[in-house]
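Trainee:
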Amino acid sequence: MQIPLAPMNQQQVMLPQLVTGQGMSQNDTVHQFPLHSEHGINDVWESESSDEEGNCMLAGSLEVDQKGPYVEGRVMGHRVSFLVDTGATRSTVRSIEVPNLPLSGRTVQVVGVANRYLTNPITNPVQVRIGNYQGSHKFVVCDSSPISLLGRDLMCKLGCSIMCSNDGIKIQTNSDEEEEDSLGGDEVETVDEEYPLITLYPMLTEADIPAELQETVGKEVWDMTGKEVGLVKGVKPVKVTVKSNVNFPQTPQYHMAQDTLMKVAQLIDEFVKQGVLKEVLSSPCNSPIMGLIKPSGKVRIVQDLRKINDIIVKCCPVVPNPAVIMFQIPCDAEWFSVIDLSQAFFSVPLHEDSQFLFCFKFLDRVYSWCRIPQGFSESPSIFNQILKKDLESLELPFESALVQYIDDLLIASKTESDCTDGTIALLNHLGRNGHKVSPSKLQFCQKKVKYLGHQIEKGSRRIMKERITSVLQISPPKTRRDVRKFLGMVSYCRQWIPNFSALAKPLLKLTQKEALDEIMLKRDEMDAFVELKECMCRAPALGMPDYTKPFTLFCHECDACSLSVLTQAHGGVNRPVAYFSATLDPVAAALPGCLHAVAAVGISLNQSEGIVMGHPLTVMVPHSVEILLTRSRTQHMTGARLTRYETIILGSPNVQLKRCTTLNPATLFPSENVDIENAEDIEHDCLQLTEFCTKPRPDIKDTR
Numbered sequence: 001m002q003i004p005l006a007p008m009n010q011q012q013v014m015l016p017q018l019v020t021g022q023g024m025s026q027n028d029t030v031h032q033f034p035l036h037s038e039h040g041i042n043d044v045w046e047s048e049s050s051d052e053e054g055n056c057m058l059a060g061s062l063e064v065d066q067k068g069p070y071v072e073g074r075v076m077g078h079r080v081s082f083l084v085d086t087g088a089t090r091s092t093v094r095s096i097e098v099p100n101l102p103l104s105g106r107t108v109q110v111v112g113v114a115n116r117y118l119t120n121p122i123t124n125p126v127q128v129r130i131g132n133y134q135g136s137h138k139f140v141v142c143d144s145s146p147i148s149l150l151g152r153d154l155m156c157k158l159g160c161s162i163m164c165s166n167d168g169i170k171i172q173t174n175s176d177e178e179e180e181d182s183l184g185g186d187e188v189e190t191v192d193e194e195y196p197l198i199t200l201y202p203m204l205t206e207a208d209i210p211a212e213l214q215e216t217v218g219k220e221v222w223d224m225t226g227k228e229v230g231l232v233k234g235v236k237p238v239k240v241t242v243k244s245n246v247n248f249p250q251t252p253q254y255h256m257a258q259d260t261l262m263k264v265a266q267l268i269d270e271f272v273k274q275g276v277l278k279e280v281l282s283s284p285c286n287s288p289i290m291g292l293i294k295p296s297g298k299v300r301i302v303q304d305l306r307k308i309n310d311i312i313v314k315c316c317p318v319v320p321n322p323a324v325i326m327f328q329i330p331c332d333a334e335w336f337s338v339i340d341l342s343q344a345f346f347s348v349p350l351h352e353d354s355q356f357l358f359c360f361k362f363l364d365r366v367y368s369w370c371r372i373p374q375g376f377s378e379s380p381s382i383f384n385q386i387l388k389k390d391l392e393s394l395e396l397p398f399e400s401a402l403v404q405y406i407d408d409l410l411i412a413s414k415t416e417s418d419c420t421d422g423t424i425a426l427l428n429h430l431g432r433n434g435h436k437v438s439p440s441k442l443q444f445c446q447k448k449v450k451y452l453g454h455q456i457e458k459g460s461r462r463i464m465k466e467r468i469t470s471v472l473q474i475s476p477p478k479t480r481r482d483v484r485k486f487l488g489m490v491s492y493c494r495q496w497i498p499n500f501s502a503l504a505k506p507l508l509k510l511t512q513k514e515a516l517d518e519i520m521l522k523r524d525e526m527d528a529f530v531e532l533k534e535c536m537c538r539a540p541a542l543g544m545p546d547y548t549k550p551f552t553l554f555c556h557e558c559d560a561c562s563l564s565v566l567t568q569a570h571g572g573v574n575r576p577v578a579y580f581s582a583t584l585d586p587v588a589a590a591l592p593g594c595l596h597a598v599a600a601v602g603i604s605l606n607q608s609e610g611i612v613m614g615h616p617l618t619v620m621v622p623h624s625v626e627i628l629l630t631r632s633r634t635q636h637m638t639g640a641r642l643t644r645y646e647t648i649i650l651g652s653p654n655v656q657l658k659r660c661t662t663l664n665p666a667t668l669f670p671s672e673n674v675d676i677e678n679a680e681d682i683e684h685d686c687l688q689l690t691e692f693c694t695k696p697r698p699d700i701k702d703t704r
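Oh and the sequence shown: position 309 is 309 in the UniProt record's numbering, straight run, nothing missing.
Structural data, given as structure tokens:
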């Protein structure tokens, strides 16, 4: 059957439009024409060249018949002219053409090429007739569009075939025959049972996987849709132990925006199919869920399990320190691959006896996790141990290193071929053990990669530009929570900031319990805020440790803060490997001046221990630390504190103490020009000065 094409007015020239809704894949890109052009529709028409017969000549000499592609139909008995738009996921109508439309209370979000988001309602099933087809359909009400759209959902009901020829555009339907239509992709289900879900192929295809991996890596490892969940093999379900005599929390569900609600509903349905979630009748526990929208537009379900975490018996966490594991990368490695596991926590089964703890209510239904969820305090440690055990049997090429931080993996190799072979071996190993990898996040065999917020290249690491930009965009904090957020972001990069603890001290005071919730930064606090941002901008590239060379630690104390920099010789100069800083505890801060240096050296050695790992280390400090520990008779330190300092500083066979001139506070390197007018720069006898500062005044001794 052929559908008669409606005549078209020049005022109705349209651009393709996409409308996204619940029937749309998570990976579909959503675009829409600008509903209100700055120049108007007539201007658009006049800017295009046309011949005398009225055919519009577009770029590429393509002819578009003015009589199409429009079709006539009836909705609830009202005549409607539809623009045939294969780019629209869902069909739309205008309330001006079909008044008194019954609305379902659901909405859908549309976005235009100008990146303007609009929210439009969805109708209940209404009667529609197009050609020989007669049935019911749910439309999106879009009054801001100048024309109604015949989208892919209704086209598949009609069985439309669109043919282009020299005579124009013809549309044929096969609605009398029952057939399954799709635009490519597997058939999936939808909460909307009115019609089968119409979905596009995911944006990610095999073409997006590097050519070297398409034939050498098994397809079972790839998460091609962004929603596939693996299942780790050979792992016993995790059983959670609950404390005795506790009340199970029943926290009501948080409010969720309508667009987020729709995405979460789709993801929950997908998880139910894959066995990650299951529907239950009831549960003594309820913890609300949240939908976190990623920059890519995808949603992640995170559950607020703080009250559950309070009533369980916690195990000792076994998660590596991200600031330390970076130094497992060989300094001579030149080629890198970064692998990010997809839906990692959801691949670990949860014991049936513990599933009731993690239930939540969503749209009047109760769901329970069958895998360990996001937000559970033990999830990172559990998965880290499982993956670490799986990787024990992995064999990598010679001189290749593997770094693991929970579900983020990095391979570092000297040669490109070793990096390629190691990546292939790792991916196949992960696939055999039931893990899934996100191809969109794969960084395959590159000289520069991004890993854990760092930019890694041969022999050095930097702060990612995106992280610096995000810090610079933070406005001055107005609440105590804003201060914590800012300090948290900057503190992650403290290894690049020479005197972080000293700079952050004014802001740290604002996070104390006695501080007000709403604050206004004072002069010194604003200066600290600005200075920390500037330090992020001028952060140097830190070197990777070379364990064939000795280390040098320059240590200093300033304003009751321990400041130090770990260096190695590189090109005839000392290159920083990491900066360390910490605030002295109240007892150490009250010690005489020279004894501050003893406490600072002890703290700095502890901080650098994970990097030095017993290799030769020279500590440069502008005080006689060894003499103060062995000859000082001061009673300011308790026996336990003195023993601790002696064990850390003097009891380490790889540590050698040396005295240097005063350190430059900006670089923590020895000052080239010593200011003799400054008393602190004058070489002094620490033992004599400490005794002089701590003994009673002579006038106090005279009692006569």
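Ideal Cβ positions, reconstructed from N, Cα and C, are used throughout, including at glycine. Nothing here was measured: the structure is a model prediction, and the numbers come from that model.
According to DSSP, is His684 helix, strand or coil?
Mentor: The sequence position of residue 684 within the sequence shown is 684, counting from 1. Coil at His684, not helix or strand.
Trainee: Give the secondary structure of Ile325 by DSSP, where H, G and I count as helix, E and B as strand, and everything else as coil.
Mentor: Taking the first residue of the sequence shown as position 1, residue 325 is located at position 325. Helix.
Trainee: Out of Arg90, Gly431 and Tyr645, which one is the CA nearest neighbour of Leu149?
Mentor: Position 149 of the sequence shown, counting from 1, holds the residue named residue 149. Comparing Cα positions, the closest option is Arg90.
Trainee: Does the region 299-307 come close enough to the region 257-270 to have 3 or more Cβ pairs within less than 8 Å?
Mentor: They touch, by the three-pair rule.
Trainee: Count the other CB atoms, across all protein chains shown, that sit within 10 Å of the CB of Pro439; report buried if there are 16 or more and exposed otherwise.
Mentor: Translated into positions along the sequence shown, residue 439 becomes position 439. Result: buried.
Trainee: Would you be able to state if there are at least three C-beta pairs under 8 Å between the region 329-337 and the region 413-430?
Mentor: Contact between the region 413-430 and the region 329-337 is present, because at least three Cβ pairs lie under 8 Å.
Trainee: In this structure, what does DSSP give as the bridge partners for His429?
Mentor: As a working mapping, residue 429 is identified with position 429 in the sequence shown. Paired residue(s): none; His429 is not in a bridge.
Trainee: Please classify His351: is it buried, with 16 or more other beta-carbons within 10 angstroms of its beta-carbon, or exposed?
Mentor: Locating residue 351 in the sequence shown gives position 351, where the first residue counts as 1. Flag for His351 reads exposed.
Trainee: Compare the Cα-Cα distances from Cys156 to each of Glu215, Glu212, Pro102 and Val84 and report the closest residue.
Mentor: As a working mapping, residue 156 is identified with position 156 in the sequence shown. Of the listed residues, the one whose Cα sits closest to Cys156 is Val84.
Trainee: Out of Leu101, Lys263 and Gly291, which has the shortest C-alpha to C-alpha gap to His137?
Mentor: In the sequence shown, the residue the question calls residue 137 occupies position 137. With distances taken between Cα atoms, His137 lies closest to Leu101.
Trainee: Taking the alpha carbon of Leu563 as the reference point, which residue from Asn606, Val587 and Leu521 has its own alpha carbon closest?
Mentor: Here residue 563 refers to the residue found at position 563 when the sequence shown is read from its first residue. Ranking the options by Cα distance to Leu563, first place goes to Asn606.
Trainee: Of all the options Pro121, Val324 and Leu487, which has the alpha carbon lying nearest to the alpha carbon of Leu452?
Mentor: By 1-based counting over the sequence shown, the position of residue 452 is 452. Nearest C-alpha to Leu452: Val324.
Trainee: Could you give the first and the last residue of the continuous beta strand (DSSP E) run that contains Leu83?
Mentor: Residue numbering aside, residue 83 sits at position 83 when the sequence shown is read from its first letter. Run containing Leu83: His78 to Val84, per the beta strand (DSSP E) assignment.
Trainee: Quick check: the Cα distance between Leu402 and Val242, rounded to an integer number of angstroms?
Mentor: As a working mapping, residue 402 is identified with position 402 in the sequence shown. As a working mapping, residue 242 is identified with position 242 in the sequence shown. Going from the Cα of Leu402 to the Cα of Val242 covers about 36 Å.
Trainee: Where do the ends of the alpha helix (DSSP H) carrying Leu503 lie?
Mentor: Within the sequence shown, numbered from 1, the residue matching residue 503 stands at position 503. Note, Leu503: alpha helix (DSSP H), Phe500 to Leu508.
Trainee: With distance defined between alpha-carbon atoms, name the residue in Trp496, Leu396, Gly543 and Ser475 nearest to Lys458.
Mentor: To locate residue 458, count along the sequence shown from 1; it is residue 458. Per the Cα distances, Gly543.
Trainee: Given this structure, state the Cα-to-Cα distance separating His684 from Gln568, to the nearest angstrom.
Mentor: Numbered from 1 along the sequence shown, position 684 holds the residue referred to as residue 684. Numbered from 1 along the sequence shown, position 568 holds the residue referred to as residue 568. The straight-line gap from Cα to Cα measures roughly 28 Å.
Trainee: Could you tell me which of Leu357, Pro146 and Ala211 sits nearest to Lys307, measuring between CA atoms?
Mentor: The residue you call residue 307 lines up with position 307 of the sequence shown. Closest option to Lys307, Cα to Cα, is Leu357.
Trainee: With a Cβ-Cβ cutoff of 8 Å, do Val229 and Gln274 count as a contact?
Mentor: Position 229 of the sequence shown holds residue 229. Position 274 of the sequence shown holds residue 274. Their beta carbons are under 8 Å apart, which means Val229 touches Gln274 by this criterion.
Trainee: Excluding sequence positions up to five away, which residues of its chain have a Cβ less than 7 Å from the Cβ of Tyr405?
Mentor: Counted from its first residue, the sequence shown places residue 405 at position 405. Same-chain partners within the cutoff: Pro320, Pro322, Ile325 and Leu452.
Trainee: Quick one: grab the DSSP three-state call for Ala539.
Mentor: Here residue 539 refers to the residue found at position 539 of the sequence shown. Ala539 falls in the coil class under three-state DSSP.
Trainee: On the DSSP bridge assignment, give the partners of Arg129 in chain order.
Mentor: Position 129 of the sequence shown holds residue 129. Beta-bridge pairing links Arg129 to Arg74 and Gln134.
Trainee: Of the residues Met464, Leu427, Gly434 and Ala578, which one's Cα is nearest the Cα of Ile497?
Mentor: Residue mapping note: residue 497 aligns to position 497 of the sequence shown, counting from 1. Taking only the C-alpha atoms, the option nearest Ile497 is Ala578.
Trainee: Taking 8 Å as the cut-off, decide whether the C-beta atoms of Asp340 and Lys441 are in contact.
Mentor: For this step, residue 340 is matched to residue 340 along the sequence shown. For this step, residue 441 is matched to residue 441 along the sequence shown. Contact: yes.
Trainee: In three-state DSSP terms, what is Gly87?
Mentor: Within the sequence shown, numbered from 1, the residue matching residue 87 stands at position 87. Residue state, collapsed to three classes: coil.
Trainee: Buried or exposed: Val573, going by 16 or more other Cβ atoms within 10 Å of its Cβ?
Mentor: Residue 573 sits at position 573 when you count from the first residue of the sequence shown. By the 10 Å Cβ count, Val573 comes out exposed.
Trainee: Report the start-end ranges of each beta strand (DSSP E) in the region 377-464 that is 3 residues or longer and not cut off at the edges.
Mentor: Listed in chain order, they are 401-405, 408-413, 443-446, 449-451, 454-457 and 460-463.
Trainee: Please state whether DSSP places Met333 in a helix, a strand or coil.
Mentor: Residue mapping note: residue 333 aligns to position 333 of the sequence shown, counting from 1. Correcting the residue type first, residue 333 is Ala in the shown sequence and not Met. Ala333 falls in the coil class under three-state DSSP.
Trainee: Does the beta-carbon of Ile382 have 16 or more other beta-carbons within 10 angstroms, so that it is buried, or is it exposed?
Mentor: For the purposes of this step, residue 382 is taken as the residue at position 382 of the sequence shown. Buried is the call here.
Trainee: By Cβ distance below 7 Å, which residues in the same chain neighbour Phe82 in space, the five residues on each side in sequence not counted?
Mentor: Start at 1 with the first residue of the sequence shown, and residue 82 comes out as number 82. Result list for Phe82: Tyr70, Val71, Gly73, Ser148, Leu149 and Leu150, in chain order.
Trainee: Using the Cα positions of Pro506 and Asn499, report the straight-line distance between them to the nearest angstrom.
Mentor: As a first step, residue 506 must be located in the sequence shown, where it is residue number 506. As a first step, residue 499 must be located in the sequence shown, where it is residue number 499. Between Pro506 and Asn499, the C-alpha separation is close to 13 Å.
Trainee: Roughly how many whole angstroms lie between the Cα atoms of Pro545 and Ile456?
Mentor: Taking the first residue of the sequence shown as 1, we reach residue 545 at position 545. Taking the first residue of the sequence shown as 1, we reach residue 456 at position 456. Distance between the alpha carbons of Pro545 and Ile456: 13 Å.
Trainee: Pick helix, strand or coil for Arg106, following the three-state DSSP scheme.
Mentor: Mapped onto the sequence shown, residue 106 falls at position 106. It is a strand residue.
Trainee: Looking only at C-alpha atoms, which of Ser165, Val238 and Val110 sits nearest to Asp259?
Mentor: By 1-based counting over the sequence shown, the position of residue 259 is 259. The candidate whose alpha carbon is nearest that of Asp259 is Val110.
Trainee: Just the C-alpha distance for Val587 and Thr469, rounded to the nearest angstrom, thanks.
Mentor: Taking the first residue of the sequence shown as 1, we reach residue 587 at position 587. Taking the first residue of the sequence shown as 1, we reach residue 469 at position 469. Between Val587 and Thr469, the C-alpha separation is close to 39 Å.
Trainee: Judging by CA-CA distance, which residue of Thr173, Ser342, Glu97 and Ser145 is the nearest neighbour of Asn132?
Mentor: Against the sequence shown, residue 132 aligns to sequence position 132. The shortest C-alpha separation from Asn132 is found at Thr173.
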